[in-house]
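Enquirer: A single structure is presented below for examination.
Residue numbers (my numbering): 37 to 157.
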């Protein structure tokens, strides 16, 4: 399965970024092989619409799931419409979060944070 993890850096050893739309990077990893691709998130510095833009990027990259800390209502709507599962990651590396997902240890996110929560994060 392809999963996208919001990340503070450009490797599997970097910490997960608790923000989705304004995360610095996304690491797209294959949960079976642990092969990954790094994407710099251009929406991180956008004036508005970061969640929608980041959500569309997930659709464009054909991910089946997202691991992040928090997600806003616009991003959640985009991901839900594309049937992309959303999981709450833990304060750990991207790699550790993928391993926890594989073991069924991450909870699905069903509630969003208020709009624009990640702007000053």
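In this text, a Cβ means the ideal position worked out from N, Cα and C, and glycines have one as well.
Being a predicted model, the structure only gives us computed values, none of them experimental.
Of all the options 134, 44, 56 and 73, which has the alpha carbon lying nearest to the alpha carbon of residue 104?
Expert: Nearest option by C-alpha distance: 56.
Enquirer: Using CA atoms only, rank isn't needed, just tell me which of 139, 96, 110 and 113 is closest to residue 40.
Expert: Considering only alpha carbons, the answer is 96.
Enquirer: Do residue 114 and residue 91 have their CB atoms nearer than 9 Å?
Expert: Against a cut-off of 9 Å, the Cβ pair of residue 91 and residue 114 comes out as a contact.
Enquirer: At which residue ranges does the region 106-154 contain complete beta strand (DSSP E) runs of 3 or more residues, listed in the order of the chain?
Expert: Complete beta strand (DSSP E) runs here, min 3: 121-124.
Enquirer: Quick check on residue 51: does DSSP put it in helix, strand or coil?
Expert: Residue 51: strand per DSSP, three-state reduction.
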